[in-house]
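Q: Encoded as structure tokens, here's the structure I'll be asking about.
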Ligand SMILES: [Zn+2]
Ligand SMILES: [Zn+2]
């Protein structure tokens, strides 16, 4: 956290010396903005039709609510996972810079995208009791310096007044999921998470937070642990869907 605050002080100092510029194209901006209008227009909202469970968008003109084949053929433990934006192009680049490029100030932009997910009708009227970030393994968190999901959860908590607490911990250092298919991901994640000591989620309506939803396997595994521990419901929100 100390490193984080120092880097923020540095960012603040830099922004006094130099005008704000678009993170993508470098065009000058008003202070507090991260993208120029042209770059902003290139980011793509997820719009219907999409799977009610995992938000996977589909081409075409399906007008009724539906569940995709992937969700129909596996046990999904979250009630719904909502992603606001397609995780491509600029969105992908920004999230990558935020996570791996140590551009921690970009969390403000990513958290705006996350907030957009809360307007979805599957989440709007849920009256969540608690926000829970998807945890990183401690070794990975040390390596990265922060957990992106925790930073987003804190900003969302400030915005919504719903408390954010790290109820879960990651106990298995899993290899990167990127190269794995769906069933390998599930296998890789099995027992990767557990409830933290003294965490009590009994009777709570949980909003689970991560930066990106890929197959939903991580969110589902976290939801499984939370529900087994007594959570009443577990919905998930992410800024983007890969
Ligand atoms: Zn731009
Ligand atoms: Zn689905």
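In our numbering, the protein residues as written are -9 to 232. Ideal placement from N, C-alpha and C gives every residue a C-beta, glycine not left out.
#1: Helix, strand or coil for residue 119, going by three-state DSSP, please let me know.
#2: Cβ-heavy atom distance between residue 44 and ligand 2 below 7 Å?
#3: If you reduce the DSSP assignment to three classes, tell me which class residue 152 lands in.
#4: Could you tell me if residue 218 is buried or exposed, where buried requires 16 or more neighbouring beta carbons within 10 angstroms of its beta carbon?
#5: Hey, is residue 28 close to ligand 1, as in C-beta under 7 Å from one of its heavy atoms?
#6: For residue 180, which three-state DSSP category applies?
#7: Does residue 18 come out as helix, strand or coil in the three-state DSSP assignment?
#8: So, at 6 Å on beta carbons, what are the nonlocal neighbours of residue 74 in its own chain, with the 5 sequence-adjacent residues on each side left out?
#9: Straight-line CA distance for residue 196 to residue 68?
#10: Given the structure, does residue 12 come close to ligand 1, in the sense that its CB is under 7 Å from one of the ligand's heavy atoms?
#11: Measure from the alpha carbon of residue 185 to the alpha carbon of each residue in 203, 193, 176 and 160, then state which is nearest.
#12: Suppose you measure from the CA of residue 97 to the CA of residue 199; what does that come to, to the nearest Å?
#13: Kindly examine ligand 1 and report whether one of its heavy atoms sits closer than 7 Å to the Cβ of residue 96.
A: So, to answer that:
#1: In the chain shown, the residue the question calls residue 119 occupies position 129. Residue state, collapsed to three classes: coil.
#2: The count along the chain shown starts at 1 and reaches residue 44 at position 54. At least one heavy atom of ligand 2 lies closer than 7 Å to the C-beta of residue 44.
#3: Here residue 152 is taken as the residue at index 162 of the chain shown, counted from 1. Looking at residue 152 - three-state DSSP - the assignment turns out to be coil, as it is neither helix nor strand.
#4: As a first step, residue 218 must be located in the chain shown, where it is residue number 228. Exposed: under 16 other Cβ atoms inside 10 Å.
#5: To locate residue 28, count along the chain shown from 1; it is residue 38. Because some heavy atom of ligand 1 lies under 7 Å away, the Cβ of residue 28 counts as near it: yes.
#6: Your numbering for residue 180 matches position 190 in the chain shown. Coil.
#7: By 1-based counting over the chain shown, the position of residue 18 is 28. Here DSSP, grouped into helix, strand and coil, assigns residue 18 to strand.
#8: Looking up residue 74 in the chain shown gives position 84. Closer than 6 Å at the Cβ level, and outside the excluded window around residue 74, lie 103, 106 and 107.
#9: Here residue 196 refers to the residue found at position 206 of the chain shown. Here residue 68 refers to the residue found at position 78 of the chain shown. Going by C-alpha positions, residue 196 is about 10 Å away from residue 68.
#10: Looking up residue 12 in the chain shown gives position 22. Answer for residue 12: yes, Cβ within range of ligand 1.
#11: In the chain shown, the residue the question calls residue 185 occupies position 195. Of the candidates 203, 193, 176 and 160, 160 places its Cα closest to the Cα of residue 185.
#12: Translated into the one-based positions of the chain shown, residue 97 becomes position 107. Translated into the one-based positions of the chain shown, residue 199 becomes position 209. One C-alpha to the other measures close to 13 Å.
#13: Sequence index remark: in the chain shown, residue 96 carries index 106 (1-based). No, the Cβ of residue 96 stays beyond 7 Å of every heavy atom of ligand 1.
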